[in-house]
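Just so you know, the protein sequences line up as chains U and V, in that order. Quick note: to get our numbering, add 473 to the position in the first sequence (first position is 1). Quick note: to get our numbering, add 3 to the position in the second sequence (first position is 1). Have a look at the structure below before the remarks.
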Amino acid sequence: MHTQDFPQLASIEAIEQGFESFGYICSPKIATAVFLAFQLRKPILVEGPPGVGKTELAKTTAMLLDVPLIRLQCYEGLDEAKALYEWKYGKQLLYTQVLKEKLGDLLQGAQGLAESVERLHQFGDTFYSEEFLEPRPLLKAMQQERGAILLIDEVDKSDYEFESLLLEILSDYQVSIPEIGTVQARVTPMVFLTSNNTRDISDALKRRCLHLYIPFPSVALEERIVLSRVPDIDQQLRHQLVEFVHSLRDLDLKKSPAISETIDWARSLLLLHARELDAQVIQSTLNVLLKFEDDINTAESALRELLPRPAHG
Amino acid sequence: MAEPTQSSAMQSHLVNFIGLLRSHDVRVSPAETLDAMDVAATLGYARRDRLRDGLAAALAKTPAEEAIFQHCFSRFFDQRLADFSSTREERATQTGEQEAPSGPEAASMPKGDADHSAAQLLETAAQTDADLQALLTSPLLRQLQDNDSAALNLAMGEAAASVGLSQIRMFTQKGQFTRRMLDAMGEDQLRRTLVRLDQEDSPALEPLRRYRDILREQVRDYVERQYLLQAEGENARFMDDLLRRTRLSNLELRYQHRVQELVQRMARKLAERHARKRRTYRRGKLDMGRTLRRGIANDGILFHTHWKRTQKNKPQLLAICDVSGSVAAYAKFLLLFLYSLQDVLPKVRSFAFSSHLGEVSELFAQHPVDKAIELVNWRYGGATDYGKSLQDFARLALDDINSSTTVIMLGDARNNHGDPQLDIMRSIYQRSRRVIWLNPESRRAWGTGDSEMPRYLSACHFAAECNNLTQLERIVDQLLKMNR
Chain U
474 MHTQDFPQLA
484 SIEAIEQGFE
494 SFGYICSPKI
504 ATAVFLAFQL
514 RKPILVEGPP
524 GVGKTELAKT
534 TAMLLDVPLI
544 RLQCYEGLDE
554 AKALYEWKYG
564 KQLLYTQVLK
574 EKLGDLLQGA
584 QGLAESVERL
594 HQFGDTFYSE
604 EFLEPRPLLK
614 AMQQERGAIL
624 LIDEVDKSDY
634 EFESLLLEIL
644 SDYQVSIPEI
654 GTVQARVTPM
664 VFLTSNNTRD
674 ISDALKRRCL
684 HLYIPFPSVA
694 LEERIVLSRV
704 PDIDQQLRHQ
714 LVEFVHSLRD
724 LDLKKSPAIS
734 ETIDWARSLL
744 LLHARELDAQ
754 VIQSTLNVLL
764 KFEDDINTAE
774 SALRELLPRP
784 AHG
Chain V
4 MAEPTQSSAM
14 QSHLVNFIGL
24 LRSHDVRVSP
34 AETLDAMDVA
44 ATLGYARRDR
54 LRDGLAAALA
64 KTPAEEAIFQ
74 HCFSRFFDQR
84 LADFSSTREE
94 RATQTGEQEA
104 PSGPEAASMP
114 KGDADHSAAQ
124 LLETAAQTDA
134 DLQALLTSPL
144 LRQLQDNDSA
154 ALNLAMGEAA
164 ASVGLSQIRM
174 FTQKGQFTRR
184 MLDAMGEDQL
194 RRTLVRLDQE
204 DSPALEPLRR
214 YRDILREQVR
224 DYVERQYLLQ
234 AEGENARFMD
244 DLLRRTRLSN
254 LELRYQHRVQ
264 ELVQRMARKL
274 AERHARKRRT
284 YRRGKLDMGR
294 TLRRGIANDG
304 ILFHTHWKRT
314 QKNKPQLLAI
324 CDVSGSVAAY
334 AKFLLLFLYS
344 LQDVLPKVRS
354 FAFSSHLGEV
364 SELFAQHPVD
374 KAIELVNWRY
384 GGATDYGKSL
394 QDFARLALDD
404 INSSTTVIML
414 GDARNNHGDP
424 QLDIMRSIYQ
434 RSRRVIWLNP
444 ESRRAWGTGD
454 SEMPRYLSAC
464 HFAAECNNLT
474 QLERIVDQLL
484 KMNR
């Protein structure tokens, strides 16, 4: 992908603005990383707690560039047949049957065995050819005409072997298929890898990527995010609810509320016509923010300290 | 910024910065160094916050590394420009003149009156003195006179590179490096002229001497900063190195915490390198060639499909640790290592013994490390009886030993002249893939007194002396490699 084709990524400011127009408010750090990934043609490994918008980043970039988003969800046991390519066995089998029937016509008039074999060789080896190749996400991303965003989601869930499989793709943007050869990407795709840090990613993989750690956003940034997603909400309430979510994140919770949950909560408050945060509103809507019974209990017992002070003026 | 000299100087700064990161235990590969250069070239040096974010993306690969990166970045880049203007202000106020403009733009501004008079004084003196004239036209003096802090900093950076300032490790080296840097910057010419002017009692002496003092002060500060930057990480690494090489029994208690960290880091590293996940038997890919070949017998009808299977052997590790009094000092660390290894490798079973033997895997799994080690010592500590312990081991685990099992024995083989039960050791040897004996005693001591080591050696694939962390790491690394 080149800058002239994608002026959306020509500068860091352009990226920030572009993302914002799609409702993705990002910190300068994120925009810098995307800019560099594009300019240097490097994959980005995005890490951070769940729900801070790692996957969303890739989706928004795809929207911004108007190129297809090709997503590969990783899981334990994911192998190259599901990630890279597979042979169309059914068609291959059919092909052998057809070939057998046509064999008589093909060898008609051949003098002796030697000539028959020679004719067979002339026939070409279509058995392992691109027609019989079923591309899976990784290969598909290489074949896109206009480039693509390749999202390798939750790479930490895959096996170590799979990581080594990724190395060739990430450093050279090519795929080796033993029966055919190497397939080079038509247009270098932009690659996002996300990880929730359930295990350490190997050094070899990290070395090939730019690393972006997205933490929970600051209060100001999160307010902007809520504003862009739930524009109708009252400013006072918006501030209060974001402050409250931030104080929840300081508690010892099994799962801290993520940005998506803040947005959901803001929407719920809007639906309930809440004007201000008070104990009753919070208690009745806490299940939107927190997904574990224990967490809800913890938050409820700490509610008194967490409750925003009554607003002045 | 596009000036070639400046960008190459920035590049060498960047390399120094990466060196600094490395000394703070951030692993940066040469490929990442190149990435960092690309990043800097793409982003430019104009916006520091951008450069910081960009370099962080290329160099720091974990949140912990990023924290170190931020710390190093602010210390390294923010202090890079030495402040020549402060001394300049001082000079201006000394002579009672108006304060001269400071900051990087000062160089391009018209010179202050104070400088002007000093320059005039020097120039008049130089008219009759060819030597002084030559000195004044030298780049160093010009930069000092113009107060061109950017150029002077550049010169200091170059001088630092040429004398290898980044190698500074000890505070005793500071004076020496300052001297060598000054020489590299061409201060000797200035020094010689000063001596001569002093004898002649020239009026140019005073302004010239001031320039020299400014220069010296700045270089001294520069060296000091470099020392602080370099030595901080280096000292920690030196300490780690030392601890690794010290005999485990000699390690003092106060370092134990640190050793614990080291051992855990080591175990994690080893496990990462050798991790094998348990995997169920997979159907695998269709093997077209074989399927066709099988079909030939049925007149080309593909009756049976043939699948390429991927079978992984599942290495199993059994570790037996002697915790008796004779090896108490080692045992503590060996247990620590076992504990860490079990933490990071999927199939480790740990056993401890002295007079009798028991499995401690569960203990390790349930308790935090300190508590677990204490419990093991309490439960299994005492006088050594290898014979009885091997019997216990055979009862507990002999049936589980197969061709993919590795057995590690950690102990000194001192059996208090009891029955060594060599036949059990033999059967372990025959069944397992590998038996490895790590003995904390030096090889020369094997077989002396009540040591049964030579006899047990016949039932080991590999035996080694192991009494510090480096040896331990090397051996376990080898062992895991063989295990694949």
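Where a beta carbon is used, it is the ideal one built from N, C-alpha and C, also for glycine.
(message) Cβ closer than 7 Å: which chain V residues qualify as neighbours of residue 562 of chain U?
(response) Start at 1 with the first residue of the first sequence, and residue 562 of chain U comes out as number 89. Here the neighbours are 289.
(request) With a 10 Å radius around its C-beta and 16 neighbouring C-beta atoms as the bar for buried, classify residue 291 of chain V as buried or exposed. (result) The sequence position of residue 291 of chain V within the second sequence is 288, counting from 1. Burial call: buried.
(message) Can you look up residue 2 of chain V in the DSSP assignment and give me helix, strand or coil?
(response) In the structure displayed, chain V extends from 4 to 487; residue 2 of chain V sits before or after that span and is not available.
(request) Would you mind telling me which residues of chain V sit closer than 8 Å to residue 485 of chain U, beta carbon to beta carbon, in chain order? (result) Along the first sequence, one-based indexing puts residue 485 of chain U at 12. Within 8 Å of the CB of residue 485 of chain U, the CB atoms of chain V belong to 53, in sequence order along the chain.
(request) Closer than 7 Å by beta-carbon distance: list the chain U residues that pair up with residue 57 of chain V, in chain order. (result) Locating residue 57 of chain V in the second sequence gives position 54, where the first residue counts as 1. Listed along chain U are 505 and 509, each with a C-beta nearer than 7 Å to that of residue 57 of chain V.
(request) Would you grab the beta carbon distance between residue 683 of chain U and residue 503 of chain U for me? Rounded to a whole angstrom, and I think it's under 8 Å. (result) For the purposes of this step, residue 683 of chain U is identified with residue 210 of the first sequence, where counting begins at 1. For the purposes of this step, residue 503 of chain U is identified with residue 30 of the first sequence, where counting begins at 1. The pair is not a contact, with the Cβ atoms about 11 Å apart (cut-off 8 Å).
(request) For the alpha helix (DSSP H) containing residue 738 of chain U, list its first residue and its last residue. (result) The residue given as residue 738 of chain U occupies position 265 in the first sequence. In this chain, the alpha helix (DSSP H) harbouring residue 738 of chain U covers 732 to 744.
(request) Return the CA-CA distance between residue 297 of chain V and residue 645 of chain U, expressed in angstroms with no decimal places. (result) Start at 1 with the first residue of the second sequence, and residue 297 of chain V comes out as number 294. Start at 1 with the first residue of the first sequence, and residue 645 of chain U comes out as number 172. Rounded to whole angstroms, residue 297 of chain V to residue 645 of chain U spans 39 Å at the Cα level.
(request) Kindly say whether residue 569 of chain U, judged by its beta-carbon, lies nearer than 8 Å to any beta-carbon of chain V. (result) Locating residue 569 of chain U in the first sequence gives position 96, counting from the first residue. Taking Cβ atoms only, chain V reaches closer than 8 Å to residue 569 of chain U, which makes this a yes.
(request) Indicate the three-state DSSP secondary structure (helix, strand or coil) for residue 210 of chain V in the structure shown. (result) Here residue 210 of chain V refers to the residue found at position 207 when the second sequence is read from its first residue. Helix.
(message) I want to verify the contact list: residues of chain C whose CB lies under 7 Å from the CB of residue 64 of chain V, in sequence order.
(response) Although the question refers to chain C, the structure presented lacks it and instead comprises the protein chains U and V.
(request) Would you identify the three-state DSSP class for residue 383 of chain V, choosing helix, strand or coil? (result) For the purposes of this step, residue 383 of chain V is identified with residue 380 of the second sequence, where counting begins at 1. Under the three-state reduction of DSSP output, residue 383 of chain V falls in the helix class.
(request) Starting from the Cα of residue 655 of chain U, find the closest Cα among U:524, U:540, U:602 and U:761 and give me that residue. (result) To locate residue 655 of chain U, count along the first sequence from 1; it is residue 182. Each of U:524, U:540, U:602 and U:761 was checked against the Cα of residue 655 of chain U, and the nearest Cα belongs to U:602.
(message) Any C-beta of chain U within less than 8 Å: which residues of the stretch 15 to 34 of chain V qualify?
(response) Going along the stretch 15 to 34 of chain V in chain order, one finds 30, 32 and 34 with a Cβ nearer than 8 Å to chain U.
(request) Verify the CB distance criterion: does residue 42 of chain V have a CB-CB separation below 8 Å to chain U? (result) Numbered from its first residue, the second sequence carries residue 42 of chain V at position 39. Closer than 8 Å to the CB of residue 42 of chain V there is at least one CB belonging to chain U.
(request) Can you check DSSP and say which residues form a bridge with residue 655 of chain U? (result) Taking the first sequence and counting its residues from 1, one reaches residue 655 of chain U at position 182. Paired residues: U:649.
(message) To the nearest angstrom, how far is the alpha carbon of residue 125 of chain V from that of residue 208 of chain V?
(response) Reading the second sequence from its first residue, position 122 is the one you call residue 125 of chain V. Reading the second sequence from its first residue, position 205 is the one you call residue 208 of chain V. In a straight line, the C-alpha of residue 125 of chain V is about 9 Å away from that of residue 208 of chain V.
(request) May I have a chain-ordered list of the alpha helix (DSSP H) segments no shorter than 4 residues that lie completely inside the stretch 483 to 540 of chain U? (result) You should have 485 to 494, 501 to 513 and 527 to 538.
(message) If you reduce the DSSP assignment to three classes, tell me which class residue 74 of chain V lands in.
(response) Within the second sequence, the letter at position 71 stands for residue 74 of chain V. DSSP places residue 74 of chain V in helix when its eight states are reduced to three.
(request) Please name the residue or residues paired with residue 546 of chain U in a DSSP beta bridge. (result) In the first sequence, residue 546 of chain U corresponds to position 73, counting from 1. Note: residue 546 of chain U sits in a beta bridge opposite U:626.
(request) Residues of the stretch 189 to 212 of chain V with a CB closer than 9 Å to any CB of chain U: list them in chain order, please. (result) The residues in question: there are none.
(request) Determine, using beta carbons only, whether residue 666 of chain U and residue 523 of chain U come nearer to each other than 8 Å. (result) By one-based count along the first sequence, residue 666 of chain U stands at place 193. By one-based count along the first sequence, residue 523 of chain U stands at place 50. One thing to note: residue 666 of chain U has its Cβ no nearer than 8 Å to the Cβ of residue 523 of chain U.
(message) Is it buried or exposed, residue 198 of chain V, if we count other Cβ atoms within 10 angstroms and call 16 or more buried?
(response) The sequence position of residue 198 of chain V within the second sequence is 195, counting from 1. Exposed, since its Cβ has fewer than 16 Cβ neighbours within 10 Å.
(message) Which residues does DSSP list as the beta-bridge partners of residue 323 of chain V?
(response) For the purposes of this step, residue 323 of chain V is taken as residue 320 along the second sequence, with counting starting at 1. Residue 323 of chain V is bridged to V:354 and V:412.
(message) At the level of alpha carbons, what is the spacing between residue 499 of chain U and residue 668 of chain U?
(response) What you label residue 499 of chain U is simply residue 26 of the first sequence in a count that begins at 1. What you label residue 668 of chain U is simply residue 195 of the first sequence in a count that begins at 1. Cα to Cα, residue 499 of chain U sits roughly 19 Å from residue 668 of chain U.
(request) State the beta-bridge partners of residue 449 of chain V as determined by DSSP. (result) Translated into positions along the second sequence, residue 449 of chain V becomes position 446. Looking at the DSSP assignment, residue 449 of chain V forms no beta bridge with any residue, so it has no partner.
(message) For residue 606 of chain U, list the residues DSSP reports as bridge partners.
(response) What you label residue 606 of chain U is simply residue 133 of the first sequence in a count that begins at 1. Paired residues: U:560.
(request) Please report the residue range of the alpha helix (DSSP H) in which residue 57 of chain V lies. (result) For the purposes of this step, residue 57 of chain V is taken as residue 54 along the second sequence, with counting starting at 1. First-last of the alpha helix (DSSP H) with residue 57 of chain V: 51 to 62.
(request) Helix, strand or coil for residue 488 of chain V, going by three-state DSSP, please let me know. (result) No answer is possible for residue 488 of chain V: it lies beyond the span of chain V, which begins at 4 and ends at 487.
(request) Would you grab the beta carbon distance between residue 715 of chain U and residue 730 of chain U for me? Rounded to a whole angstrom, and I think it's under 8 Å. (result) Within the first sequence, the letter at position 242 stands for residue 715 of chain U. Within the first sequence, the letter at position 257 stands for residue 730 of chain U. Wrong, their Cβ atoms sit about 11 Å apart, outside the cutoff.
(message) Please classify residue 571 of chain U as buried or exposed, where buried requires at least 16 neighbouring CB atoms within 10 angstroms.
(response) Here residue 571 of chain U refers to the residue found at position 98 when the first sequence is read from its first residue. Exposed.
(message) Between residue 522 of chain U and chain V, is the shortest Cβ-Cβ distance under 8 Å, so that the two count as touching?
(response) For the purposes of this step, residue 522 of chain U is taken as the residue at position 49 of the first sequence. With 8 Å as the cut-off, residue 522 of chain U does not count as an interface residue toward chain V.
(message) Per DSSP, what are the beta-bridge partners of residue 439 of chain V in this structure?
(response) Looking up residue 439 of chain V in the second sequence gives position 436. V:411 and V:465.
(request) Would you identify the three-state DSSP class for residue 455 of chain V, choosing helix, strand or coil? (result) Sequence index remark: in the second sequence, residue 455 of chain V carries index 452 (1-based). In the structure shown, residue 455 of chain V sits in coil (DSSP, three-state: anything other than H, G, I, E or B).
(request) Report all residues from its chain with a CB closer than 6 Å to the CB of residue 36 of chain V; omit the five preceding and five following residues, and keep chain order. (result) Here residue 36 of chain V is taken as the residue at index 33 of the second sequence, counted from 1. Excluding the 5 residues flanking it on each side, residue 36 of chain V has same chain C-beta neighbours closer than 6 Å at 21, in chain order.
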